[in-house]
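Colleague: Counting with the working numbering, you get residues 6 to 490 for the letters of the sequence shown.
Just so you know, even glycine gets a beta-carbon here, dropped at the ideal spot from N, CA and C.
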Amino acid sequence: MRIFLRSLILGLLCEIVLYSCSADKHTDPVATSKAERIVVPLHPKPTLREDVIQTAVTSNSATIKAPEFIAQSVLVKIGPKPQTFLVPANAASAIVCAEGSMLKFDPGSFVYADDGQPVEGDVAISVTEYLTDASFVLAGLSTTSDKNLLESGGMLYVAASAQDRPCNLSTNSFYEVSLPSVNEEDGMQLFYSDNNGKNWSPANRGAMKDFRTFNTYQPEYINPTNNPRPKKFTYEAEYPGGLKKMYEYLHEKVKIKEEFKDVTLKATCYVNITINDKGKIVKVYTPKQISTYADKDIVAAFKTMQNWEVDIAPGMTKKLLLPVKMNLVRDPSQMTIKEKTLSKPESKRYDAKFESDRYIMTVGQFGWINCDKFVNFEQPRTTVYIPSDSLSDVSMTIVFHSVRSVIGGMRYTSGFYFDNIPAAEKITVVAVRMNELGETELAMKETVVDDDPITDLVFNKVTKDEMIKQFEQLAKIRAPEFAEL
């Protein structure tokens, strides 16, 4: 018995000594609450910054998890919710969402994602609308394309399913999306995202567009000495009511033969007309080397056309060459979305058209879609830094005042960084955090972008309704009295 007691005491002393030695070699782990255990994704090591919060690996390959941040998930829960609509798979359909977004589908546009077979019966279309700054912030979205700033006209998440099976669009099928908008901006186009709305890519072959060139180009003759040609008289001629009325007239006069209806989108009739100073068409013909099946009918329609509105010198005439596309002769309301889309050059297929206070786009896939344009700020770029405790459960976003843009920051151990931000731009910082009691706190601060860290955020406890009400005030920052720097 004595031998057993001596062995037990000796064993306990050895364990104490070994524990003391190991304690000298390792630092104490950071204590975290149960509400703080999310593994934050790995990111590259930044220049002149501390490491991004990341997963550490011990010598025995065990994983130590970084704190869990739930503030953004709280925002998502009170953000926009999906709306579901049932549409027939084999008939044309249209849906109108709660916030005013509209989607139109051609018949036969849906196939099952798993085997590519056509869908029969009804299709469930799920749409989540993100049309305001508040919805952008709540969902944690960013209006950026590979660190290039975008100005958004609205975002949607669209999904389709039938019989509990996910659906895709059939080959070369498209659907039409229109988003409500108060203001028109040149250069808007469709963007897609494959990472939950954090980064976006243009659908037009990935080409970046300079929005300043849209609808601003005015052709003029420049002579070899780089001086404009002297202008002696303005030669103007227009069909009464414009081109739209002219094509409506042609549609009434020219009847496409049944056997040609499937190829009308591939034909263009080039019509030469000569107009006198009274607006009367005195000569009309089509080039012999370029002909279509409808030339004779279109020429006949021009010969009986009413007088044009002209501003031509007395006794003079004006010659015009008009490319008349067959799809414009055909009633557009009778054309499918697929026909309209495939008639356009691929590089312009996903441009957004503004009509009746709406941006209208043709979309070629389900998932995240965004109506955007690239913003070309002339100011130098800088980095906005907001210090934050690495264990603090907080979400950070900046909202721009001059353009409709929202960016979420990259979180590092010392705080949040927002890269490639135009200097001297006015912004609002929106920060939401969870305190130790699990209560939600909000800080909103207006400031101007410079090189100094933003350190004076004031957090106040808020309810869900109070937070949403303050987020809704973000819509007012672009009013004229708020937009000045």
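(1) For the beta strand (DSSP E) containing Thr-279, name the first residue and the last one.
(2) Between His-31 and the rest of its own chain, which residues show a CB-CB distance below 8 Å, the 5 nearest in sequence each way excluded?
(3) Taking the CB atoms as reference points, tell me whether Leu-325 and Asn-375 lie closer together than 9 Å.
(4) Which residues in the same chain as Val-116 place their Cβ atom closer than 7 Å to its Cβ, once the five residues preceding and following it in sequence are excluded?
(5) Give me the Cα-Cα distance between Asp-151 and Asp-119, rounded to the nearest whole angstrom.
(6) Would you call the CB atoms of Glu-446 and Val-437 closer than 9 Å?
(7) Could you pull the start and end residues of the alpha helix (DSSP H) that Lys-345 belongs to?
(8) Between Asp-470 and the rest of its own chain, which residues show a CB-CB distance below 6 Å, the 5 nearest in sequence each way excluded?
(9) Let me confirm a value: Leu-248 is counted as buried when at least 16 other C-beta atoms fall within 10 Å, else exposed. Which label applies?
(10) Where Leu-146 and Met-449 are concerned, what is the direct C-alpha to C-alpha distance, given to the nearest angstrom?
(11) Which partner residues of Lys-431 appear in the DSSP bridge assignment?
(12) Quick check: the segment 340–351 against the segment 173–192, are at least 3 beta-carbon pairs closer than 8 Å?
(13) Please confirm whether Leu-195 and Pro-185 have their CB atoms less than 9 Å apart.
(14) Helix, strand or coil: which one does DSSP assign to Gly-84?
(15) Just to check, is the beta-carbon of Gly-84 closer than 8 Å to a non-hydrogen atom of the ligand ATP?
(16) What three-state label does DSSP hand Gln-77 in the structure shown?
(17) Tell me where the beta strand (DSSP E) around Ser-98 begins and ends.
(18) To the nearest angstrom, how far is it from the Cα of Met-107 to the Cα of Ala-480?
(19) Look up Arg-409 in the DSSP assignment and say whether it is helix, strand or coil.
(20) Terminal residues of the continuous beta strand (DSSP E) containing Val-142?
(21) Roughly how many whole angstroms lie between the Cα atoms of Ser-114 and Gly-158?
(22) For Asn-188, which residues in the same chain have their Cβ closer than 8 Å to its Cβ, ignoring the five residues on either side in sequence?
(23) If the criterion is Cβ atoms closer than 9 Å, does the pair Leu-155 and Pro-85 meet it?
(24) In the DSSP assignment, find the unbroken beta strand (DSSP E) run with Asp-127 in it and report its ends.
Modeller: The structure says:
(1) Counted from its first residue, the sequence shown places residue 279 at position 274. 273–281 is the extent of the beta strand (DSSP E) around Thr-279.
(2) On the sequence shown, residue 31 is found 26 positions in, with the first residue counted as 1. Model confidence at His-31 stands at a pLDDT of 38, short of 50, so the residue's coordinates are unreliable; what they give is reported in the following sentence. Same-chain partners within the cutoff: there are none.
(3) The sequence position of residue 325 within the sequence shown is 320, counting from 1. The sequence position of residue 375 within the sequence shown is 370, counting from 1. No; because the gap between Cβ atoms is not below 9 Å, this pair is not in contact.
(4) Here residue 116 refers to the residue found at position 111 of the sequence shown. Result list for Val-116: Gln-122, Pro-123, Val-124, Cys-172, Asn-173, Ser-175, in chain order.
(5) Within the sequence shown, the letter at position 146 stands for residue 151. Within the sequence shown, the letter at position 114 stands for residue 119. Going by the C-alpha atoms only, they are around 31 Å apart.
(6) As a first step, residue 446 must be located in the sequence shown, where it is residue number 441. As a first step, residue 437 must be located in the sequence shown, where it is residue number 432. The answer is yes: Cβ separation under 9 Å.
(7) Stepping through the sequence shown from its first residue, residue 345 is reached at position 340. First-last of the alpha helix (DSSP H) with Lys-345: 342–347.
(8) Numbered from its first residue, the sequence shown carries residue 470 at position 465. Same-chain partners within the cutoff: there are none.
(9) Taking the first residue of the sequence shown as 1, we reach residue 248 at position 243. Answer is exposed; the Cβ neighbour count stays below 16.
(10) Sequence index remark: in the sequence shown, residue 146 carries index 141 (1-based). Sequence index remark: in the sequence shown, residue 449 carries index 444 (1-based). Roughly 17 Å between the two C-alpha positions.
(11) Translated into positions along the sequence shown, residue 431 becomes position 426. Answer is Val-453, bridged to Lys-431.
(12) yes
(13) Looking up residue 195 in the sequence shown gives position 190. Looking up residue 185 in the sequence shown gives position 180. Contact flag unset, no.
(14) For the purposes of this step, residue 84 is taken as residue 79 along the sequence shown, with counting starting at 1. In this structure, Gly-84 counts as coil in the three-state DSSP scheme.
(15) Judged by which ligands are present, the structure shown has none, so any question about the ligand ATP falls away.
(16) Within the sequence shown, residue 77 is the residue found at index 72, counting from 1. Note: Gln-77 maps to helix in three-state DSSP.
(17) The residue given as residue 98 occupies position 93 in the sequence shown. Segment 98–101, the beta strand (DSSP E) holding Ser-98.
(18) In the sequence shown, residue 107 corresponds to position 102, counting from 1. In the sequence shown, residue 480 corresponds to position 475, counting from 1. About 22 Å.
(19) Indexing the sequence shown from 1 puts residue 409 at position 404. In this structure, Arg-409 counts as coil in the three-state DSSP scheme.
(20) Mapped onto the sequence shown, residue 142 falls at position 137. Val-142 -> not in any beta strand (DSSP E); alpha helix (DSSP H) instead, spanning 138–144.
(21) By one-based count along the sequence shown, residue 114 stands at place 109. By one-based count along the sequence shown, residue 158 stands at place 153. Roughly 26 Å separates the two Cα atoms.
(22) In the sequence shown, counting from the first residue as 1, residue 188 sits at position 183. Cβ within range, chain order: n/a, list empty.
(23) Translated into positions along the sequence shown, residue 155 becomes position 150. Translated into positions along the sequence shown, residue 85 becomes position 80. The answer is no: Cβ separation not under 9 Å.
(24) Locating residue 127 in the sequence shown gives position 122, counting from the first residue. Residues 127–135.
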